[in-house]
Amino acid sequence: MLYLESGRVVEKKILTPEIYSLYLDTTKIAKISRPGQFIAIRFPFLYDPYLRRPFAIADTDGTKIRIVFRVRGRGTLLLSQVVEDNFLSVLGPLGNPIPEITNEEVVLISGGIGIAPFFFLAKVLVQKNKVSLFFGAKTGAELIMLNEFSRLGMENLLLATENGEIGETGKITELVRKSKIPEKAIVFASGPMPMYQELRKVIPNKIYAFFEKRMGCGTGLCLSCVIRKKDGGYLHLCRDGPALDLDLVKE
Amino acid sequence: MLYLESGRVVEKKILTPEIYSLYLDTTKIAKISRPGQFIAIRFPFLYDPYLRRPFAIADTDGTKIRIVFRVRGRGTLLLSQVVEDNFLSVLGPLGNPIPEITNEEVVLISGGIGIAPFFFLAKVLVQKNKVSLFFGAKTGAELIMLNEFSRLGMENLLLATENGEIGETGKITELVRKSKIPEKAIVFASGPMPMYQELRKVIPNKIYAFFEKRMGCGTGLCLSCVIRKKDGGYLHLCRDGPALDLDLVKE
Amino acid sequence: MDKLNLSIRIGNWEFSNPCLTASGTYGWGENFPVVLSKVGGFITKGLTLSPREGNPAPRIWEVHGGIVNSIGLENPGAIYFVKNILPALTKLATKIIVNIAGSSVEEFETLIKILDLPEITGLELNLSCPNVKEGGIAFSLSPKSCQRVVRSARKITKKLLMPKLAAGLTDLLELGRICEGEGADALTLINSLPALVISAETFKPCLGGKTGGLSAPCLKPFVLYCIQKVREVVSIPIIGCGGITNHYDALEYLIAGASLFQVGSQNLINPFAPIEILEGIKKYLKEKEISDVKLIINKLEL
Amino acid sequence: MDKLNLSIRIGNWEFSNPCLTASGTYGWGENFPVVLSKVGGFITKGLTLSPREGNPAPRIWEVHGGIVNSIGLENPGAIYFVKNILPALTKLATKIIVNIAGSSVEEFETLIKILDLPEITGLELNLSCPNVKEGGIAFSLSPKSCQRVVRSARKITKKLLMPKLAAGLTDLLELGRICEGEGADALTLINSLPALVISAETFKPCLGGKTGGLSAPCLKPFVLYCIQKVREVVSIPIIGCGGITNHYDALEYLIAGASLFQVGSQNLINPFAPIEILEGIKKYLKEKEISDVKLIINKLEL
Ligand SMILES: Cc1cc2nc3c(=O)[nH]c(=O)nc-3n(C[C@H](O)[C@H](O)[C@H](O)COP(=O)(O)OP(=O)(O)OC[C@H]3O[C@@H](n4cnc5c(N)ncnc54)[C@H](O)[C@@H]3O)c2cc1C
Ligand SMILES: Cc1cc2nc3c(=O)[nH]c(=O)nc-3n(C[C@H](O)[C@H](O)[C@H](O)COP(=O)(O)OP(=O)(O)OC[C@H]3O[C@@H](n4cnc5c(N)ncnc54)[C@H](O)[C@@H]3O)c2cc1C
Ligand SMILES: Cc1cc2nc3c(=O)[nH]c(=O)nc-3n(C[C@H](O)[C@H](O)[C@H](O)COP(=O)(O)O)c2cc1C
Ligand SMILES: Cc1cc2nc3c(=O)[nH]c(=O)nc-3n(C[C@H](O)[C@H](O)[C@H](O)COP(=O)(O)O)c2cc1C
Ligand code: FES
Ligand code: FES
């Protein structure tokens, strides 16, 4: 099931000069959204930008959806300029939810804006599992939503910044390497490609990694969102992802 | 002389649900603007809408420019959604100022949103002339800026509304017909075409009428803004107008 | 007012309404059956004889007023299609049209033989052949090749045969005349315009497939021109395609001379677009008290 | 780094930089002399033999990603131009190129004879002839007519001869080859795409001139494709035109194979665009430590 809704911006937060958070009033979509899924947003009435922009569902209370995004190009620049009570066109929920997980150790590893899908993941996963979050960023300010994460009741919250402002100094993968990740822990990772390459080296666990690709539709219609498979051919991120078994992917 | 400026929206007023007023901080343009001229506005970063939209300079204090506009299509719809501290790209001043007029009786006749250029006209003209304003609209609410006009010190302010809410009931041309417009008074008119056709019938004076045409550039480069001349060929509104001797025009 | 008639007849085929989904913009018909059951016809993504994995990413690039795509005809091949995809499609209450893209007359012939099945209403011949060697799309087959493809297709099948023409760098009117002469039942106008997106930072194309096809709103004024011009020189029905975003666009295509229209890129940003467009057309016809959509076709007053 | 070299040589003519203003988008050169004195060349609005008053309003219509214009070649005629406009133009520190639009080979010949003057550097031959009868524009002269026009032009004048080709419904590569074969010095690619804007309310065209030409940003990916393709089949210089809004666009045109570029519609929304584009190019070259703009021409890695 999937809806196209006109979502009112009910709250806008500026987390850093480049990272924004929006709460969108999209009741139908919110009601059926599950962790790991995403929505696709466009500006009503504008035909340039034309395509929707995909964003992870960072959180939902069943009536509103939260997104957290970093300004990259003109779409996100425009999005950073919306104000409360503006309306956005929202399509969703898209992509696959993460599987149901019960009584497991779950480790979330995030770099930079990759944190976006993890709040919703963590919020749901803590109910039935032991959850740890490794969260790294360039600066302390980019370790966004720390207060909110710390209130979730996770087992561990391990932080790293490249400039050393908060937590360990260095990349989050370094901290992962030093920590003891249980062998049978289920790992979700969300961050840039180099983080995944490094992670693959430092832990042997199965890793579900969140990928990003330019998307035409998000609904499986256009075949744009391909990601190369190790054994040849392509996966389609909007249909097969957005989280993929890292070992299937060759990028 | 003409400037391209990035103009901050310093004040936005909603005059009616369809009529808005913006003050734009465009110091260079404001400094050299004169009554009768216009500016051309577009949204920075957007390429759709692409063309600038022309608006009369409704007022200026030498540093800010005021425009007053009615929502018609998607350009003005977008413009109605800007908020204070947004920036707009502004080109101007464009078109010809009205001529210097001293010691004359001047009559301004306006219908609907045609009032836009008249505040600046009246403000300057009252300094050296006797000025009367005939102002008609569909409803009382659309008789915008009445307080401001009444403080200018004009000789007469004559009002008409089609629904009778304020002033005479009926079209403004009816009120003009009934009034005694001095034969040698200089008349400026600004409103829809039918108003001009009617005016031409009810008063014999020379009438300088403000016209609107789809404009490509506003600067004389594209030859889009044509208006048919009585004696054949075309005038170019952005170069020859925007106010034209009504007797030259065949539309 | 009487019941609204939206049906359109093309040759022997009666479409319930003039709205089709354009090739490559509604996948393999596996999603949104609610939408597909309401349109006049569903057109598949382009099929080739052998399976093709398509081009490397990125496959889509946004430009001002549109998009450039370079999917590279990813498809599982015609035989797989018939066996594993077609059965599900036939359950939809709509006509199935298969878009085929041969890279030779022989490939077209084989494809048509494989697809000459009762479940399939029509064959849309993609006459801008994929250029396997160069990775990108070739802008169009030469007039001679077009002629050979349509001629031999006509010999093989009695199905609704609709060549899809590529405008941009070719003599479109000549192509139209040739297709009509060889017995095509209708013409699809137009495929996406050949396009190139490059970067001044890398000196390379931005798309994995190098060249691509321009589609979406910016095409409309050009396609309307093409329809109107081709309308003057051929008498078989025209199927308008390119840049339709809403029912006004669709109505303009009919007025300019198209008998059917295809919704393409707009499906990507709104999968419900075909339904909304059909609803819009109904509302328009009701308001104007026009009882039959056929009455507006080719009614442009130039 | 050494001094930046922006100059480009086309045949015997040395342009101070690769930026020209496109025909019809900078009026008669009477405005913004500061800008015109900095560009490599100014191209006049299209000239015909007799004066033309042009099309009725509206002459311009905004579409998604661009504009459609139907000015109808308003111009005072070539003789008036030489007498009353050219003298002022020659005061600008830039090369003057005259755009001419004959409706017959003979009209082109007469125009060229009138304009074969020392003040004029080049003649841009508008090979999409205005269709006086229908009011709108015709999409292109036939290959045969193009051939005759360029051949007879070449016989009359030694000036920089640059046919301006119309893409969209014609075989652009063939036209390019023909023009080269007949001795053209360069090719302008492309004129605005033929376009039609109509209303489903009135069943009529929206523009006074009925059909028009599509220009502005949405053209870019298509024009880049045209440049790259024509580059492969002709060896005379290409002058890129269509959809340039900023210096990145202009650089892409050079990289794709153009030797000069024209800024058109963008002048309408920003008359200072040519200067900003030139400044942007300088900045880019400096940052990349490229001393000569010629070094990037045709350097696309496909
Ligand atoms: C499933 C998914 C979930 C995502 N979730 C988030 C999130 O929660 N927070 C966040 O900040 N970002 C997220 N992204 C990335 C985000 O979609 C891009 O940053 C954004 O689309 C860039 O748009 P733009 O107009 O600013 O950039 P432009 O470069 O101007 O975009 C032009 C085009 O490229 C596409 N594009 C550019 N970069 C990317 C990219 N990295 N990934 C996908 N498309 C791209 C755009 O969609 C658009 O079509 C997600 C991407 C995907 C695929
Ligand atoms: C010299 C001049 C001064 C003007 N001053 C004012 C003013 O002070 N207040 C005000 O409310 N309006 C004014 N107008 C009219 C205003 O420019 C149009 O209402 C506006 O451009 C419509 O844009 P849109 O995108 O909302 O409409 P759309 O219909 O979406 O516009 C599409 C295109 O048509 C053009 N267009 C549409 N209608 C008109 C029109 N009536 N006149 C000119 N171009 C049009 C637009 O510029 C644009 O290019 C003036 C027009 C001119 C020529
Ligand atoms: C993502 C995508 C994939 C496409 N795939 C095909 C295809 O396989 N075969 C084909 O003939 N046309 C294909 N097209 C072209 C469309 O069918 C259509 O002709 C074109 O996009 C213009 O219509 P539009 O502007 O409505 O999108 C594709 C277009 C897009 C955007
Ligand atoms: C308002 C306008 C008038 C034009 N007049 C002419 C003309 O007289 N002769 C001509 O060859 N091209 C004319 N053109 C086409 C431009 O020179 C140019 O080829 C086209 O607009 C594409 O470039 P652009 O996208 O940068 O505008 C005109 C274009 C516009 C927008
Ligand atoms: S984005 Fe269109 S299929 Fe995935
Ligand atoms: S609007 Fe371009 S010349 Fe007047």
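Residue numbers (our numbering), protein chains in the order written: chain U, 933 to 1183; chain D, 933 to 1183; chain F, 5 to 306; chain A, 5 to 306. Where is the CB? At the ideal position from N, CA and C, for every residue including glycine. Bear in mind the structure is a predicted one, so any value in this text is a computation, not a measurement.
Item                                                                                                                                        : Value
Residue interval of the beta strand (DSSP E) (run including TYR935/D)                                                                       : 935-948
Contact set for LEU289/F: own chain, Cβ-Cβ below 7 angstroms, skip 5 residues either direction                                              : LEU8 and VAL297
Listed by chain order, chain D residues near THR68/F by CB distance under 9 angstroms                                                       : The residue asked about is misnamed: residue 68/F is His in this sequence, not Thr. Correct list: TYR979, ASP980 and TYR982.
ILE1159/U - containing beta strand (DSSP E), residue span                                                                                   : 1158-1160
Contact test: LYS287/F Cβ vs ligand 4 heavy atom, cutoff 7 angstroms                                                                        : no
CB of GLY247/F within 8 angstroms of CB of VAL234/F, strictly                                                                               : no
Any residue whose CB is nearer than 5 angstroms to a heavy atom belonging to ligand 2, listed in chain order                                : PHE970/D, LEU983/D, ARG985/D, PRO986/D, PHE987/D, ALA988/D, PHE1001/D, ARG1002/D, ARG1004/D, GLY1005/D, ARG1006/D, GLY1007/D, THR1008/D, ILE1045/D, ALA1048/D, GLU1144/D, ARG1146/D, PRO1174/D and GLU66/A
Residue-level contact to chain U via CB, ILE64/F, 8 angstroms cutoff                                                                        : yes
Three-pair Cβ contact test at 8 angstroms for the region 278-287 of chain A versus the region 195-215 of chain A                            : no
Buried/exposed call for LYS162/A, threshold 16 Cβ in 10 Å                                                                                   : exposed
SER1042/U - partner residues in DSSP beta bridges                                                                                           : PHE1067/U and SER1122/U
Contacts around ALA171/A, its chain only, beta-carbon distance under 6 angstroms, and the 5 residues preceding and following it disregarded : ILE194 and CYS230
Any C-beta of chain F under 8 angstroms from that of VAL1158/U                                                                              : yes
C-beta neighbour in chain D for LYS945/U, strict 8 angstroms                                                                                : no
Boundaries (first-last residue) of the alpha helix (DSSP H) holding CYS1170/U                                                               : 1169-1172
Pairwise C-alpha distance: ALA1117/D and ASN1137/D                                                                                          : 7 angstroms
Residues within the region 992-1018 of chain D neighbouring chain U, beta-carbon criterion of under 9 angstroms                             : ARG1006, LEU1009, LEU1010, GLN1013, VAL1015 and ASN1018
Contact set for LYS137/A: own chain, Cβ-Cβ below 7 angstroms, skip 5 residues either direction                                              : Any reading at LYS137/A is ruled out, since the residue's pLDDT is 46, under 50, leaving its predicted position unreliable.
Terminal residues of the beta strand (DSSP E) in which GLN266/A lies                                                                        : 262-267
Contact under 8 angstroms by Cβ, LEU258/A with PHE265/A                                                                                     : yes
Distance cut-off 7 angstroms: LEU1180/D Cβ against heavy atoms of ligand 5                                                                  : no
Bounding residues of the alpha helix (DSSP H) (the contiguous stretch that carries TYR288/A)                                                : 277-291
Inter-residue spacing [alpha-carbon to alpha-carbon] between GLY139/F and LYS1145/D                                                         : With a pLDDT of 40 at GLY139/F, under the threshold of 50, the predicted position of this residue should be treated as unreliable, though the coordinate-derived value follows. About 48 angstroms.
Continuous beta strand (DSSP E) stretch holding LYS42/F: start and end                                                                      : Counting along the chain, LYS42/F falls outside any beta strand (DSSP E), and DSSP gives it neither H nor E.
Closer than 8 angstroms to chain A by CB, LEU1176/D                                                                                         : no
Contact set for SER953/U: own chain, Cβ-Cβ below 6 angstroms, skip 5 residues either direction                                              : LYS945, LEU947 and VAL1000
Uninterrupted beta strand (DSSP E) stretches inside the region 944-1018 of chain U (no shorter than 3 residues)                             : 951-957, 970-974, 985-988 and 996-1002
Unbroken beta strand (DSSP E) run spanning THR1093/U, endpoints                                                                             : 1088-1093
Cross-chain neighbours of LYS1145/D in chain A, by beta carbon under 8 angstroms                                                            : ALA61 and PRO62
Distance CB(ILE101/F)-CB(SER263/F) smaller than 8 angstroms                                                                                 : no
Through-space distance from LEU983/D to ASN130/A, alpha-carbon basis                                                                        : 25 angstroms
Straight-line Cα distance separating LEU176/F from GLY244/F                                                                                 : 14 angstroms
Proximity to ILE1135/U [Cα-Cα], best of GLY1123/U, SER1122/U and THR1105/U                                                                  : THR1105/U
ARG1171/U: CB within 7 angstroms of a non-hydrogen atom of ligand 5                                                                         : yes
Burial state of VAL237/A (16 or more Cβ within 10 Å)                                                                                        : exposed
Beta-carbon proximity check, PHE1066/D vs PRO967/D, cutoff 8 angstroms                                                                      : no
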